[in-house]
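See below for the structure under consideration.
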Amino acid sequence: MGDKRKQLDEWIEQLRGCKFLPEPNVKALCDLAREVLIKESNLHHVKCPVTICGDVHGQFYDLIELFRIGGEVPDTNYLFMGDYVDRGYFSVETVSLLVALKVRFPNRIGILRGNHESRQITQVYGFYDECLRKYASPAVWTFFTDLFDYLPLTGLVENQIFCLHGGLSPSIESLDHIRQMDRMQEVPHEGPMCDLLWSDPDDRPGWNPSPRGAGFNFGKNISEGFNHRNGLTLVARAHQLVMEGYNWSHERNVVTIFSAPNYCYRCGNQAAIMELDDCLNYTFLQFEPAPRPPGFHKFPRCPDYFL
Numbered sequence: 024m025g026d027k028r029k030q031l032d033e034w035i036e037q038l039r040g041c042k043f044l045p046e047p048n049v050k051a052l053c054d055l056a057r058e059v060l061i062k063e064s065n066l067h068h069v070k071c072p073v074t075i076c077g078d079v080h081g082q083f084y085d086l087i088e089l090f091r092i093g094g095e096v097p098d099t100n101y102l103f104m105g106d107y108v109d110r111g112y113f114s115v116e117t118v119s120l121l122v123a124l125k126v127r128f129p130n131r132i133g134i135l136r137g138n139h140e141s142r143q144i145t146q147v148y149g150f151y152d153e154c155l156r157k158y159a160s161p162a163v164w165t166f167f168t169d170l171f172d173y174l175p176l177t178g179l180v181e182n183q184i185f186c187l188h189g190g191l192s193p194s195i196e197s198l199d200h201i202r203q204m205d206r207m208q209e210v211p212h213e214g215p216m217c218d219l220l221w222s223d224p225d226d227r228p229g230w231n232p233s234p235r236g237a238g239f240n241f242g243k244n245i246s247e248g249f250n251h252r253n254g255l256t257l258v259a260r261a262h263q264l265v266m267e268g269y270n271w272s273h274e275r276n277v278v279t280i281f282s283a284p285n286y287c288y289r290c291g292n293q294a295a296i297m298e299l300d301d302c303l304n305y306t307f308l309q310f311e312p313a314p315r316p317p318g319f320h321k322f323p324r325c326p327d328y329f330l
């Protein structure tokens, strides 16, 4: 155990310098992470105090800024709600660091699955190409995308705050339904697992088709009913760019948290994280992009799609 911790500490130190791990080390890290994640439920239980974070999308230096603002692991407990890869220039380093922290401090950090933690999406929006560019092989992409199947789908803070990447599903009435789902698979194109990772809150009531082509848009009556039936006070989710880093909707039944400042290095948004204290009182911490290293603008662009 001592040797493993020492090895992990060395990897974390290397990754904090934005230096990606050699391919054999990535394989070893993913093997260790799989042993940790397979023990966690689809509905990962989280104790407060904890800091809840939204999308980070490979913006490594902004992740380091997030830890500077919110506190380092293990001094601060964290729950990340997915989308660690794609779009940003440092998806490899970003997801490697978060996974290494999860293995090293499994009770201090939770990492949920986002819609970008999938084989299909990462082949389009940057992570696959980045792995090829940095390792001259798709092996590291395969290690991580296989690991993504083990990530919990949702989190539950003190049985009161339901956390997930996307949103609600017309196929899911209760939290017990989520506990019983088989998550060990690629994100399907439709169905309850897809909805949890793709859906968005909407001003219109009821269920409506999503312009994303996956998941649904759901109204205030849906989130109010879901929270009431399941004894929840709040749904906390990510998945959508919000210019101030966080945004309340559905009369504070839902909050969106987005933790990638100046998304895609051009959107001009603030990022935010939500701190919950021992009594579930919340504080939002907003932050701006971290300073960029020399030559940063020379990194290749990833393809765009609607935000």
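Residue 304 in our numbering sits at position 281 of the sequence shown; the count goes up by one each step and never skips.
Idealized CB from N, CA, C, for every residue including glycine.
Can you tell me whether residue i is helix, strand or coil according to DSSP?
i, result
"Pro47", "helix"
"Arg260", "strand"
"Ala237", "coil"
"Ile195", "coil"
"Glu153", "helix"
"Ile296", "strand"
"Leu60", "helix"
"Cys186", "strand"
"His212", "coil"
"Leu255", "coil"
"Tyr286", "helix"
"Tyr101", "strand"
"Gly318", "coil"
What are the start and end residues of the alpha helix (DSSP H) that includes residue i?
i, result
"Cys76", "No alpha helix (DSSP H) contains Cys76, which is instead part of the beta strand (DSSP E) from 73-76."
"Leu121", "114-127"
"Leu89", "83-93"
With a Cβ-Cβ cutoff of 7 Å, do residue i and residue j count as a contact?
i, j, result
"His273", "Ser246", "yes"
"Gly133", "His67", "yes"
"Val96", "Arg39", "no"
"Ile280", "Gly25", "no"
"Val73", "Leu299", "yes"
"Gly93", "Leu135", "no"
"Pro129", "Val59", "yes"
"Phe166", "Cys53", "yes"
"Leu102", "Ile75", "yes"
Would you kindly report the start and end of the unbroken beta strand (DSSP E) that includes residue i?
i, result
"Met216", "From DSSP, Met216 is part of no beta strand (DSSP E) but of the alpha helix (DSSP H) over 215-221."
"Thr168", "Looking at the DSSP string, Thr168 is not in any beta strand (DSSP E); the run it does join, the alpha helix (DSSP H), is 162-171."
"His251", "Taken as a continuous stretch (DSSP letters only), His251 belongs to no beta strand (DSSP E), being part of the alpha helix (DSSP H) at 243-252."
"Ile134", "132-134"
"Gln309", "305-310"
"Ile280", "277-280"
"Thr177", "177-180"
"Tyr148", "Per DSSP, Tyr148 belongs to no beta strand (DSSP E) and is neither H nor E."
"Leu174", "Segment: none, Leu174 is in no beta strand (DSSP E) and carries neither H nor E."
"Leu38", "That residue, Leu38, is in no beta strand (DSSP E); its alpha helix (DSSP H) goes 25-39."
"Tyr269", "269-272"
"Pro232", "230-232"
"His68", "66-69"
Taking residue i as the reference, which of the options has the closest Cα?
i, options, result
"Arg110", "Leu308, Tyr286, Ala313, Asn304", "Tyr286"
"Leu189", "Asp199, Leu176, Leu198, Val180", "Inspection of the sequence shows that residue 189 is occupied by Gly rather than by Leu. Nearest of Asp199, Leu176, Leu198, Val180 to Gly189, Cα basis: Leu176."
"Arg227", "Gly214, Met216, Arg235, Asn244", "Asn244"
"Leu191", "Ile280, Gly238, Leu38, Gly77", "Gly238"
"Gly137", "Leu303, Cys53, His262", "His262"
"Cys71", "Leu179, Asp85, Ile201, Pro224", "Leu179"
"Glu63", "Arg252, Gly77, Gly105, Leu174", "Leu174"
"Ala1", "Val277, Ile296, Asn276", "Limits of the chain in this structure are 24 at one end and 330 at the other, which puts residue 1 out of reach."
"Arg289", "Leu264, Gln309, Leu303, Glu298", "Leu264"
"Arg315", "His200, Tyr112, Arg275, Leu255", "Tyr112"
"Thr117", "Asn130, Gln183, Phe43, Asp54", "Phe43"
"Gly236", "Gly242, Trp271, Leu31, Asp223", "Asp223"
"Val258", "Phe103, Leu187, Val122, Ile92", "Leu187"
"Phe241", "Phe249, Asn250, Gly229", "Gly229"
"Glu196", "Leu255, Ser233, Val108, Pro232", "Leu255"
"Gln146", "Trp164, Pro129, Glu267, Pro215", "Trp164"
"Ala294", "Glu209, Phe90, Cys154, Leu121", "Phe90"
"Ile184", "Lys29, Arg275, Glu33, Phe83", "Arg275"
"Ala56", "Trp271, Ser119, Val278, Glu140", "Ser119"
"Lys125", "Ile35, Gly318, Arg206, Asp169", "Ile35"
"Lys157", "Val115, Val122, Thr168, Leu170", "Val115"
"Gly81", "Glu153, Phe249, Pro193, Asn65", "Glu153"
"Gly248", "Leu198, Arg127, Tyr269, Gly214", "Leu198"
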